[in-house]
Amino acid sequence: MKEIYATLNQTSYEFMERYENIELFVYSLVAFTIPLLFPHPQLLTGTLVNAFLIMAALHFRGWKVLPLVMLPSIAAVLNGVLFGPFTIFLLYMMPFIWLGNFVLVYLFKKLHLAKGTNYFITLGISALAKAAFLFAVAYILVGANILPAMFLTAMG
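Following the numbering used here, the numbering of the sequence shown begins with 121 at its first residue and continues without gaps.
Structure (structure tokens):
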């Protein structure tokens, strides 16, 4: 657990606490509004959200990445547009989306900041890990008849 927190505590540059909190507020606000302003297409929404998650991985330490991990999916549910009548099913996926976002942020920090792996290789590995995790969870939930099959495409 100490290693996980040590990885999360790394940033690409240091900020004074006050400015870091202001930046966190702005990033959180933007991350929350992305699904509200750009509900379709999913590819655009997901790309923008993932870009903010990577920026959070580079700029914030420790728990400060959590608002950016959680807020976009909460906004998508509140908006109710992303999956139309299937938005209620998004509630089942929300904790796993949070975990998938955390996987993206953690792997990016671990590979790029802690180990110095190339930025683009790290980006690819982190994105594939998040997509594989979300697809695996969606596959299990579709197989258990908890989610409709359309989630396999959306989460893969």
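For every residue, glycine included, the Cβ atom is placed at its ideal position computed from N, Cα and C.
Whole angstroms are fine: how far does the CA of residue 266 sit from the CA of residue 275?
14 Å
If we count Cβ pairs, one from each stretch, closer than 8 Å, do we get three or more for the region 214-230 versus the region 176-186?
yes
Mind checking which residues open and close the alpha helix (DSSP H) that includes residue 268?
Per DSSP, residue 268 belongs to no alpha helix (DSSP H) and is neither H nor E.
Do you know offhand how far residue 194's Cα is from residue 186's?
13 Å
Quick one: using the 10 Å Cβ neighbour count with 16 as the cut-off for buried, is residue 145 buried or exposed?
Its Cβ having fewer than 16 others within 10 Å, residue 145 is exposed.
For residue 138, name the three-state secondary structure that DSSP assigns.
helix
Please report the straight-line C-alpha distance between residue 249 and residue 272, rounded to a whole angstrom.
16 Å
Local Cβ density within 10 Å of residue 235, reported as buried at 16 or more and exposed below that
exposed
Given residue 221, which residues of its chain have a CB within under 6 Å of its CB, disregarding the five upstream and five downstream residues?
173, 189
Given that a residue counts as buried once 16 or more other Cβ atoms are within 10 Å of its Cβ, and exposed if not, what is residue 191?
buried
Is residue 264 closer than 8 Å to residue 213 when the C-beta atoms are compared?
no
Does DSSP put residue 331 in a helix, in a strand, or in coil?
Any question about residue 331 goes unanswered here, given that the chain covers just 121 to 276.
Using DSSP with H/G/I as helix, E/B as strand and the rest coil, what is residue 235?
coil
For residue 268 and residue 199, believed in contact at Cβ under 8 Å, the rounded distance:
Between residue 268 and residue 199 the Cβ distance is about 19 Å, and since that is not below 8 Å, they are no contact.
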